[in-house]
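Residue 471, in the numbering used here, is where the sequence shown stops; the numbers in between run on with no holes.
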Amino acid sequence: MDKMPEGVVDAIRPFLEQHHHIDGVNYRKSMFIFLSNAASVIINRMTMEKHADGLKREDIKLKDVERQMRLAAYNDEKHGGFWHSDLIERQSIDFFVPFFPLQRRHVRKCIEDEFLKREYVSSDDDNDVNEVLGEIEFDKHTDFAEAGCKLVANRVLPFLMKGKDEL
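Printed below as a string of structure tokens:
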């Protein structure tokens, strides 16, 4: 959605609203998924605030963030696609689902998954995962990863290459 020019997404409004058939096709059973960074700043801020209040990331409810996400998407000219969109004005989007920041334990699972994907077997899995984990940047106050799992593959590969050089 971030790269989509404003207004283009409104062209699919007939498919999202309560029309029974369009050109003989029933779209009521269709699912459209829109990905956007429009509310990322708000999601991250709210997650940090809830964390500071002692609430776990998993305990944040959709109802706590959905309205702010909807408003952020509607008012975010920089991320284009939903800016002043009829889809948001007319409540045509059923859910805004947040992607919360990832903590160390989540990134650990991404590293383990990347090892599995590359068929890496270790005699000391925990130490190897910790070594790669040490290459990932985390906020020092909250333990949230600066880039989530985006950089995991880029950190695992040099680790694996280093192991081959030592053989």
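Ideal placement from N, C-alpha and C gives every residue a C-beta, glycine not left out.
Any chance you could list the alpha helix (DSSP H) runs of at least 4 consecutive residues sitting entirely within the segment 373-398, in chain order? 390-393
Starting from the Cα of Lys413, find the closest Cα among Phe403, Ala457, Phe399 and give me that residue. Ala457
Rounded to the nearest angstrom, what separates Met350 and Glu441 at their Cα positions? 20 Å
Going by beta carbon distance, what residues of the same chain come within less than 7 Å of Leu471, once the five residues before and after it are set aside? Low confidence applies here, because Leu471 scores a pLDDT of 40, under 50, leaving its location unreliable; read the following figure in that light. Correct list: empty, nothing qualifies.
Residues bridged to Ala315 [DSSP beta-bridge criterion]: Bridge partners of Ala315: none, in fact.
I'd like to know whether the C-beta of Glu393 is nearer than 8 Å to at least one C-beta of chain E. You won't find chain E in this structure, because it holds only one protein chain.
Within its chain, find whatever has a CB closer than 8 Å to the CB of Ile392; leave out the 5 residues flanking it on each side and keep chain order. Arg374, Ala377, Tyr378, Phe386
Candidates Pro402, Lys466, Tyr331, Glu423, of which the one nearest Gly365 by Cα: It is Lys, not Gly, that sits at residue 365 in the sequence shown. Cα-wise, what sits closest to Lys365 is Pro402.
Taking the C-alpha atoms as reference points, what is the distance between Ile347 and Phe448? 13 Å
Going by DSSP, what residues sit across from Phe448 in a beta bridge? Gln407
Local conformation of Glu400 per DSSP, three classes: The sequence shown places Phe at residue 400, rather than the Glu named in the question. Residue state, collapsed to three classes: coil.
Give the secondary structure of Leu471 by DSSP, where H, G and I count as helix, E and B as strand, and everything else as coil. The predicted model places Leu471 with a pLDDT of 40, which falls under 50 and marks its position as unreliable; any figure quoted below should be read in that light. The answer is coil: DSSP assigns Leu471 none of H, G, I, E or B.
Within the same chain, show all residues whose beta-carbon is closer than 6 Å to that of Phe404, passing over the 5 residues directly before and after it, in chain order. Thr351, Arg361
Quickly, what does DSSP pair Phe442 with across the bridge? List them, please. Ala449
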